[in-house]
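A short write-up of the structure that comes next.
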Amino acid sequence: MFITITFVGFFQSWNVALTIFNLCLISSIMTLGINIQWGNAGIVNFGVMGFAALGGLANIIVSMPPTAKCLGSRW
8 MFITITFVGF
18 FQSWNVALTI
28 FNLCLISSIM
38 TLGINIQWGN
48 AGIVNFGVMG
58 FAALGGLANI
68 IVSMPPTAKC
78 LGSRW
């Protein structure tokens, strides 16, 4: 992973490399949480994936451009 992030940082942008690193850390924390619940405790918890889905939906809604109706246009 270090080699990939360094390669992306030198040939594209360090901002892109840090974004990839951030997403990897978020995914690893979610994976550890699910592994502790399902693997060690045997508890099936779909709430973790539900919260991840709601976070993705909120990200999509926030990043959409506003429509003309929201901006007060009559057309």
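Reminder that position 64 of the sequence shown reads as 71 in the numbering used here, one-by-one numbering, no gaps.
Just so it is clear, CB atoms sit at the ideal spot from N, CA and C, and this is done for glycine as well.
Predicted, not measured: the structure shown is a model, and the values here were computed from it.
Whole-angstrom distance between residue j and residue i, CA atom to CA atom
i: Gly-40; j: Thr-74; result: 38 Å
i: Met-56; j: Phe-18; result: 34 Å
i: Leu-25; j: Gly-49; result: 34 Å
i: Asn-66; j: Pro-72; result: 12 Å
Residue i (DSSP reduced to helix, strand or coil)
i: Ser-20; result: coil
i: Val-51; result: coil
i: Met-56; result: helix
i: Thr-26; result: helix
i: Thr-74; result: coil
Closest Cα partner of residue i within the set the options
i: Thr-38; options: Ser-20, Pro-72, Met-71, Ala-59; result: Ala-59
6 Å CB neighbourhood of residue i in its chain, flanking five on each side removed
i: Met-8; result: none
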